[in-house]
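Going line by line, the protein sequences match chains A and B.
Residues in the first sequence are numbered consecutively from 1, following the numbering used here.
Residues in the second sequence are numbered consecutively from 306, following the numbering used here.
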Amino acid sequence: MKAATEELLKLVSDWKGSFCGAYNIREDGKSVGRLSTEHIKVEPKQDGTGLDIIVAPGTKGEQVAIPACVTVGDFNDLVYNDFYIGEGADVTIVAGCGLHNDTGEAARHNGIHRFFLKKGSHAKYIEKHVGVGKGTGRRSIDPVTEVFLDEDAMLEMDTSQLSGIDTTRRVTKGTCGKGAKLVIHEHLLTEKDQRATTEFEVSLDGEGSSVDLVSRSVAKDDSVQSYRSKIVGNARCTGHSECDAIITGHGKVSASPQLDANNEDAALIHEAAIGKIAGEQILKLRTFGLTEEEAEEKIIQGFLR
Amino acid sequence: MLKLEHIYWNTPDGTPILKDVDLAIGDGGLTAITGPNGGGKTTLAKIIAGIEHPMKGRIVFEGEDITDMDVTERAKRGISYAFQTPVRFKGLTVTDLLEMAAGRRLDEAARCELLSKVGLCAKDYEGREVNASLSGGEIKRVEIATILARKSRLMVFDEPEAGIDLWSFAGLIDAFEQMKAEGVGTQVIISHQERILQVADRIVVIEDGLVKEDGARDAILPHLLESSRCPRCPMPDPEVRARHAAKEARR
Numbered sequence: 001m002k003a004a005t006e007e008l009l010k011l012v013s014d015w016k017g018s019f020c021g022a023y024n025i026r027e028d029g030k031s032v033g034r035l036s037t038e039h040i041k042v043e044p045k046q047d048g049t050g051l052d053i054i055v056a057p058g059t060k061g062e063q064v065a066i067p068a069c070v071t072v073g074d075f076n077d078l079v080y081n082d083f084y085i086g087e088g089a090d091v092t093i094v095a096g097c098g099l100h101n102d103t104g105e106a107a108r109h110n111g112i113h114r115f116f117l118k119k120g121s122h123a124k125y126i127e128k129h130v131g132v133g134k135g136t137g138r139r140s141i142d143p144v145t146e147v148f149l150d151e152d153a154m155l156e157m158d159t160s161q162l163s164g165i166d167t168t169r170r171v172t173k174g175t176c177g178k179g180a181k182l183v184i185h186e187h188l189l190t191e192k193d194q195r196a197t198t199e200f201e202v203s204l205d206g207e208g209s210s211v212d213l214v215s216r217s218v219a220k221d222d223s224v225q226s227y228r229s230k231i232v233g234n235a236r237c238t239g240h241s242e243c244d245a246i247i248t249g250h251g252k253v254s255a256s257p258q259l260d261a262n263n264e265d266a267a268l269i270h271e272a273a274i275g276k277i278a279g280e281q282i283l284k285l286r287t288f289g290l291t292e293e294e295a296e297e298k299i300i301q302g303f304l305r
Numbered sequence: 306m307l308k309l310e311h312i313y314w315n316t317p318d319g320t321p322i323l324k325d326v327d328l329a330i331g332d333g334g335l336t337a338i339t340g341p342n343g344g345g346k347t348t349l350a351k352i353i354a355g356i357e358h359p360m361k362g363r364i365v366f367e368g369e370d371i372t373d374m375d376v377t378e379r380a381k382r383g384i385s386y387a388f389q390t391p392v393r394f395k396g397l398t399v400t401d402l403l404e405m406a407a408g409r410r411l412d413e414a415a416r417c418e419l420l421s422k423v424g425l426c427a428k429d430y431e432g433r434e435v436n437a438s439l440s441g442g443e444i445k446r447v448e449i450a451t452i453l454a455r456k457s458r459l460m461v462f463d464e465p466e467a468g469i470d471l472w473s474f475a476g477l478i479d480a481f482e483q484m485k486a487e488g489v490g491t492q493v494i495i496s497h498q499e500r501i502l503q504v505a506d507r508i509v510v511i512e513d514g515l516v517k518e519d520g521a522r523d524a525i526l527p528h529l530l531e532s533s534r535c536p537r538c539p540m541p542d543p544e545v546r547a548r549h550a551a552k553e554a555r556r
């Protein structure tokens, strides 16, 4: 494993020299380390396009890490990973991506992850994206996440991209069965001339299903962000989406929510707030002795946590 | 400790709010600034904190001219200010605010001590975001706790009683009295509340942009409660005045 990969692993998956539980480390399109455990199998797909991660029914408290790292320029990484979570299982999945680009050529990672959660299972999915390196080549990450939740299954997705990615298009789609619950918290920071697009589309098909989408973002400098969400209520269900964005400098953010209620018992809500940091917030922290710049930094840190 | 010399301040449209306010506040104790709404009390508090700057006049804090200093500089010199309407933050927790106010990490015991002084249980609140999920009373108590955390030499509270329930208010009065007894800083409290005026060492009445009365509590308060200029009841009815008189007699 390259030293650059180890550095990226620290940033995207809290790597401390090893992983606790099953894992696969992807470096420049190839696996450089893989481990299956008794309850979690990490297996390459037969067509070589990615991995199948199979969690046995009833597995509790285990973790699987599937990070991907790109350490070179002029590279376009594409991977398909499918996660099968057995009935009644409860696991944590860490699947960050890091790009280290010291060249003038573009580097891109496109991870297409599908999650199939069986009845009564629960998964916490942590996804961190980060870009580093001194090169002028553009760094792009375009994740696609598809979630299929059976009866009473629940996926909690915590996704963040806080630095170093020039362009990103983040697409998340979900389908919720009876009593299923999807919770997504996104944290996004763009600066300089970076571009970010977030698209959520969730279909609430089962009775008593629910989704909670919360996106908090900061657009600094000349960066541009776009947020699109669509929640479709096809049964008695509850859906909530919230887009909060802070703008500093010449940042631009657009938010377009869409709520489709196809059932009279569908209760769908969208909230959006975009604007600069309130002057009174900065003033309050200045009464603690912070400078204006320090206060702004603290507010942004808290907002994106 | 603090001298306000010939302070003038107008609104942006030129309406005079403070008209030659001259006030000196000594080291320690609790000074209550009271008076009718619109009289200039909150403006005066903001001028002390550096949130507003006087059109004319001079402010001296511990021998140093701070007239041109901004909020940050005054905070670093030991002046803290509790907002009348506390600010909400998405993402920042009660612990974040307390630690920023204290300027250091606070252990569980320290957080518990600060929050219990304003009637909050640390276990329930230290991880809570200071956002819309907190009620007006809760966020007010957090605001006061941040001032207690700063342990400043001069603490300015702008209507601490506003939006706070009676039970918490009693705890707050205890906190003010305890700080006074322990000699923790100098307290300046903008208030209309009789209970706060009762624990003050000194009462200053600001009316129509001027210091109308200034003296020891026992000299000012009875007069305030009985006069038609009572800040709580500018035109009290006879029954209210009788209750005030009876209460004073009991004390």
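For each residue, glycine too, the CB sits at the ideal point set by N, CA and C.
Collapsed DSSP secondary structure at residue i in the structure displayed
i	result
Asp222 of chain A	coil
Met374 of chain B	coil
Gly289 of chain A	coil
Thr198 of chain A	strand
Arg513 of chain B	Strictly speaking, residue 513 of chain B in this sequence is Asp, with Arg absent from that position. Correct three-state label for Asp513 of chain B: coil.
Ala4 of chain A	helix
Ala273 of chain A	strand
Met360 of chain B	coil
Pro527 of chain B	helix
Gln389 of chain B	coil
Met154 of chain A	strand
Ser279 of chain A	Checking the sequence shown, residue 279 of chain A turns out to be Gly, not Ser. Three-state DSSP puts Gly279 of chain A in a helix.
Lys284 of chain A	helix
Gln258 of chain A	strand
Arg522 of chain B	helix
Ile501 of chain B	helix
Val308 of chain A	For chain A, the structure presents residues 1 to 305; residue 308 of chain A sits outside this window and is missing.
Thr59 of chain A	coil
Arg379 of chain B	helix
His39 of chain A	coil
Ser496 of chain B	coil
Ala354 of chain B	helix
Glu87 of chain A	coil
Phe394 of chain B	coil
Gly476 of chain B	helix
Glu297 of chain A	helix
Lys45 of chain A	coil
Glu487 of chain B	helix
Thr71 of chain A	coil
Those residues which DSSP pairs with residue i across a bridge
i	result
Pro321 of chain B	B:Asn315
Ser307 of chain A	No statement about residue 307 of chain A is possible, as the shown extent of chain A runs from 1 to 305 and does not include it.
Glu20 of chain A	Here residue 20 of chain A turns out to be Cys, not Glu, going by the sequence shown. Cys20 of chain A is not bridged to any residue.
Glu482 of chain B	Per DSSP, none; premise fails for Glu482 of chain B.
Leu306 of chain A	With chain A running from 1 to 305 in the structure shown, residue 306 of chain A is simply not present.
Arg228 of chain A	A:Glu199, A:Ser256
His379 of chain A	There is simply no residue 379 of chain A to check, as chain A begins at 1 and stops at 305 in what is shown.
Thr92 of chain A	A:Gln63, A:Lys124
Phe303 of chain A	None, per the DSSP bridge assignment.
Leu78 of chain A	A:Asn110
Candidates the options: closest to residue i by CA position
i	options	result
Phe115 of chain A	A:Lys134, A:Lys173, A:Lys41, A:Asp14	A:Lys173
Asp470 of chain B	B:Glu443, B:Arg409, B:Ala450, B:Ile352	B:Glu443
Glu156 of chain A	A:Ala180, A:Ile141, A:Asp222, A:Lys45	A:Ala180
Asp506 of chain B	B:Ala524, B:Gly340, B:Glu512	B:Ala524
Ile282 of chain A	B:Phe366, B:Pro341, B:Leu402	B:Leu402
Asn81 of chain A	A:Gly111, A:Gly177, A:Gly120, A:Thr190	A:Gly111
Glu292 of chain A	A:Ile277, A:Glu242, A:Lys119, A:Phe303	A:Ile277
Gly331 of chain B	B:His358, B:Ala454, B:Tyr313, B:Gln492	B:Gln492
Asp77 of chain A	A:Gln63, A:Tyr84, A:Ser31, A:Glu87	A:Ser31
Lys284 of chain A	B:Arg416, B:Val423, B:Ser496, B:Met405	B:Met405
Leu188 of chain A	A:Ser163, A:Cys176, A:Lys45	A:Ser163
Val357 of chain A	A:Asp74, A:Val147, A:Gln301	Look at the range of chain A in this structure, 1 to 305, and you will see that residue 357 of chain A is not part of it.
Arg286 of chain A	B:Thr336, B:Val392, B:Gly424, B:Ile312	B:Val392
Glu242 of chain A	A:Lys45, A:Asn234, A:Glu199, A:Thr92	A:Glu199
Ala329 of chain B	B:Gly424, B:Ser438, B:Val509	B:Val509
Let me know the alpha helix (DSSP H) ranges lying completely inside the stretch 396 to 467 of chain B, each 4 residues or longer, listed in chain order. Segments of the alpha helix (DSSP H) lying fully in the stretch 396 to 467 of chain B: 399 to 407, 413 to 422, 427 to 430, 441 to 455.
Any contact between the stretch 369 to 377 of chain B and the stretch 317 to 330 of chain B? By contact I mean 3 or more CB pairs, one from each, below 8 Å. no
Using 8 Å as the threshold, is the stretch 513 to 524 of chain B in touch with the stretch 479 to 494 of chain B, meaning 3 or more CB pairs across them? Judged by pairs of C-beta atoms under 8 Å, the stretch 513 to 524 of chain B does not touch the stretch 479 to 494 of chain B, as fewer than three such pairs exist.
Does the pairing of the stretch 38 to 51 of chain A with the stretch 94 to 104 of chain A give three or more beta-carbon distances under 8 Å? no
Assess contact between the stretch 243 to 261 of chain A and the stretch 357 to 366 of chain B, defined as three or more Cβ pairs (one per stretch) separated by less than 8 Å. Is contact present? no
Check whether the stretch 426 to 435 of chain B and the stretch 306 to 321 of chain B are in contact - that is, three or more C-beta pairs closer than 8 Å. no
Cβ contact check for the stretch 237 to 244 of chain A and the stretch 259 to 268 of chain A: 3 or more pairs under 8 Å: yes
Below 8 Å, can you find three or more Cβ-Cβ pairs linking the stretch 337 to 346 of chain B to the stretch 407 to 419 of chain B? Segments in contact, no.
Do the stretch 18 to 32 of chain A and the stretch 45 to 64 of chain A touch if we need at least three Cβ pairs shorter than 8 Å? yes
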